[in-house]
Amino acid sequence: MLDILLPILLFSALLLAAIGAVRRVRLWRQGRPSPVPIMRGLMQMPRRYLVDLHHIVDRDKYISKTHVATAGGFVLAALLAIIVHGFGLDSAILAWVLLAATISMFVGSLFVAKRRNPPPQRLSKGPWMRLPKSLMAFSVGMFMVTLPTAGILPEDAGGWLIALVLAAVVTCGLGEMFFGMTWGGPMKHAFAGALHLAFHRRQERFSDGTGGEHRSTGLKALKLDDDTKKLGVEKPADFTWNQLLGFDACVQCGRCEAMCPAFAAGQPLNPKKLIQDMVIGMAGGTDANYHGSPYPGKPIGEHGGSPNGPIVPREGRALVDAETLWSCTTCRACVEECPMMIEHVDAIVDMRRFLTLEHGNTPNKGAEVLDNLIATDNPGGFDPDSRLHWAADLNLPLMADKKEAEVLLWLGDGVFDMRNQRTLRSLIKVLRAADVDFAVLGNEERDSGDVARRLGDEATFQALAKRNIRTMSQYRFSRIVTCDPHSFHVLKNEYGELGTADMPANYEVYHHSTYINELVKAERLTFKAWKGGSVTYHDPCYLGRYNGEYEAPRDVLKALGIEVKEMARSGYRSRCCGGGGGAPITDIPGKQRIPDMRMGDVRETGADTVAVGCPQCTAMLEGVVEPRADIKDIAELVADALTTDAAAEKKASGKSASQTERNVEEVTS
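Per the numbering used here, the very first residue in the sequence shown carries number 198; after that it's consecutive.
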């Protein structure tokens, strides 16, 4: 009897899955066109799954091993079930392999069940709670019906009643594994996720086969001169089709939720819920059936939308509230943690672009800051010609005078902040101690445009960037060095797309900690013994997660004789200070402040000093009410530890000797 039922069940499930797949693809294709290498993507999908994706999944060893057993067992069992039972290939060898695959799948499903008994807060419940049962049903049912084929039981073992029971068990498993995979069940991520890897919006995120980590973090430029294209994303259908595919790939594991600083602070943002809202908008409906954590302070059931309806309407029910989008610090912790490689930050900035460029809807001080950038080329509205007033006594060499230098020192808008001026002075002291040939743009330098771009004002960003590119094209330099990770990021990763053949903008850019580390390794700096107490280091998001630089700052601190007391959240899992993405400007309230939480991480280490490498981080952490640890930029720590400035002393002594010789000559004559 099973010989008749199994092929019917298997091919019926496959047919329904195929119909569901077509329906799902149509939902994705509502999005804007986005050219991708289809065949190349499909061919590279196995490696991307086994190498690039597993590299992220493997950070959680429990889930990694569970996933290998369950997913690997399912893929093999499904293929062999179709061959052995669907096409009736009576092979004992294949049957034994199928038995082994179902055993692997069953063991994995036990661990899935254990994980959800009880489930962590970040995991979605509802339909997801039946997933372990469905996995078990498929593996147990397929195991039992394969025993006769493997020769373990006689072909006529059991009667029609047992056959019907087994058929029912197999059907239960097939319903989730095949039908649910393409019709929106918990296994949907397996279908959408595989295609998402093949057709990812950022193909450059994947390795070339060596298994190395590849970063692609720069935002993609809008074509502002194309009147046929909308500025930003107004409705779900305005996303590219492979962005919609990426949203559909979400496994609702909640890793992004657990890492999001805004969610932890009680602001109305949950990156997992945001992605699910995009899926709801793509298909049409409300969030009433969402079974995960809501946006803090916003109950489930309030949001809904449609593919061609506005995401943030001026009135009525919204798919996403504007304050949810403005809560994001663009720290990229969600993207770094996502095992499906979904690009949350890209989506948020795309939606911000529409609100800012089309509606002029930037909250709190956002509009004022953008107006200042347009009028004065800096967010504070300061006189642009006062950019070097703080350095009147430093006699900084100007590019306009020198025309070329080894290093172009990018000062950033920290020049208007008294606290950051101390950092810049320290950095200049270090460069001079190492006898570095450097120069600054001075009043020719304008804001890098980072804050404008993160606030969604792509037009102002591009205007500032092109002006800076035009200025720098007049001079010759080997590299750019800056103490601001935000300027570092846009200069390194986002200016290149705006360059031209006459004015290329692919610069070699260094964060000052990386450059100082090079100077230390070249033995161009020497230090006194460290006597300043215990130190912890805070990883800036735009230096670490955006650009992968974690070691150089620690190497510099080690060279100073400092043993870093690491925070529980450090490296790629560092907690954001709350200063990125224009968050201090939009200032969406929550239950607590993000920098206060970060200072709590510092207190747990017992460190006396926090070493930082970003003016935004310095400002945010120094804004925490005392008592707290001291905040010191790496440049300040290095400058304070310098021994006698040999290079400067040599120059000074050379000048003194020359002056003495001239005096002697004058007396003799």
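Backbone N, C-alpha and C define an ideal beta-carbon position, used for all residues, glycine too.
Under a 10 Å Cβ-count criterion, Gln-241 is classified as buried, with 16 or more other Cβ atoms of the shown protein chains found around its own Cβ. Straight across, the Cα-Cα distance linking Val-542 with Arg-529 is about 7 angstroms.
From the listed residues Arg-398, Thr-346, Thr-299, the smallest Cα separation to Ile-235 is found for Arg-398.
DSSP places Tyr-739 in the coil class of the three-state scheme, outside both helix and strand. Using a Cβ-Cβ distance cut-off of 8 angstroms, the region 718-731 and the region 677-690 are not in contact, since fewer than three pairs of beta carbons, one from each stretch, lie closer than that value.
Annotated as proximal: Leu-206 and Thr-368, with beta-carbon spacing under 8 angstroms. Leu-818 and Gln-659 have their C-alpha atoms roughly 30 angstroms apart. Under the 10 Å beta carbon count, Leu-286 is surrounded by fewer than 16 other beta carbons and is classified as exposed. Taking a cut-off of 8 angstroms on C-beta distances, the region 628-636 does not touch the region 505-521, as fewer than three cross pairs fall below it.
The continuous beta strand (DSSP E) containing Val-732 extends over residues 732-734. In this structure Val-546 does not touch Arg-584 by the C-beta definition: roughly 28 angstroms separates them, more than the 8 angstroms allowed.
Per DSSP, reduced to three states, the secondary structure at Ser-675 is strand.
Pairing Phe-335 with Val-366, the inter-Cα distance amounts to about 7 angstroms. Judged by beta-carbon spacing, Val-809 lies beyond the 8 angstroms limit of His-708, meaning their Cβ atoms are not closer than that value.
Ile-791 is a Cβ neighbour of Pro-458, given a cutoff of 8 angstroms. Beyond the five residues adjoining it in sequence on each side, Phe-403 comes within less than 6 angstroms, by CB distance, of Arg-245, Asp-249 in the same chain, given in chain order. In this structure, the beta-carbon distance from Leu-328 to Gly-451 does not fall below 8 angstroms.
The alpha-carbon of Leu-593 is positioned some 11 angstroms away from that of Lys-599.
Note: Arg-229 is bridge-paired with Thr-437 in the DSSP secondary-structure output.
Inclusion of Leu-442 and Pro-433 in the CB contact set at 8 angstroms is not warranted, their separation being larger than that value. In this structure, the alpha-carbon of Ala-485 lies about 13 angstroms from that of Pro-324.
Relative to Lys-420, the option among Arg-766, Leu-554, Met-796, Gly-777 whose CA is nearest is Leu-554. Note that the C-beta distance between Ser-331 and Gly-270 is not below 8 angstroms.
In the DSSP assignment, the residues bridged to Phe-724 are Leu-839. Taking the Cα of Glu-801 as reference, the smallest distance to any Cα among Gly-502, Leu-350, Ala-218, Ser-767 is reached at Ser-767. Secondary structure in the region 320-383: the alpha helix (DSSP H) runs of 4 residues or longer, each lying completely within the stretch, are 328-343, 357-371, 377-380 in chain order. For Val-337, the closest alpha carbon among the candidates Leu-466, Ser-301, Thr-679 is that of Ser-301.
A Cβ-Cβ distance of about 7 angstroms is found for the pair Met-596 and Val-637, placing them in contact under the 8 angstroms criterion. Spanning the alpha carbons of Thr-723 and Val-717 requires a straight line of approximately 8 angstroms. Here Cys-447 really is in contact with Gln-473; their C-beta atoms are around 7 angstroms apart, less than 8 angstroms. Going by DSSP, Tyr-769 is part of no beta strand (DSSP E) at all; its letter is neither H nor E.
DSSP links Trp-293 through a beta bridge to no other residue.
Judged by DSSP secondary structure, Lys-829 falls within the beta strand (DSSP E) whose first and last residues are 827-830. DSSP places Leu-606 inside the beta strand (DSSP E), whose first and last residues are 601-607.
The three-state secondary structure of His-386, taken from DSSP, is helix. Comparing alpha-carbon positions, the option among Ala-461, Gly-779, Pro-824 lying closest to Asp-647 turns out to be Gly-779.
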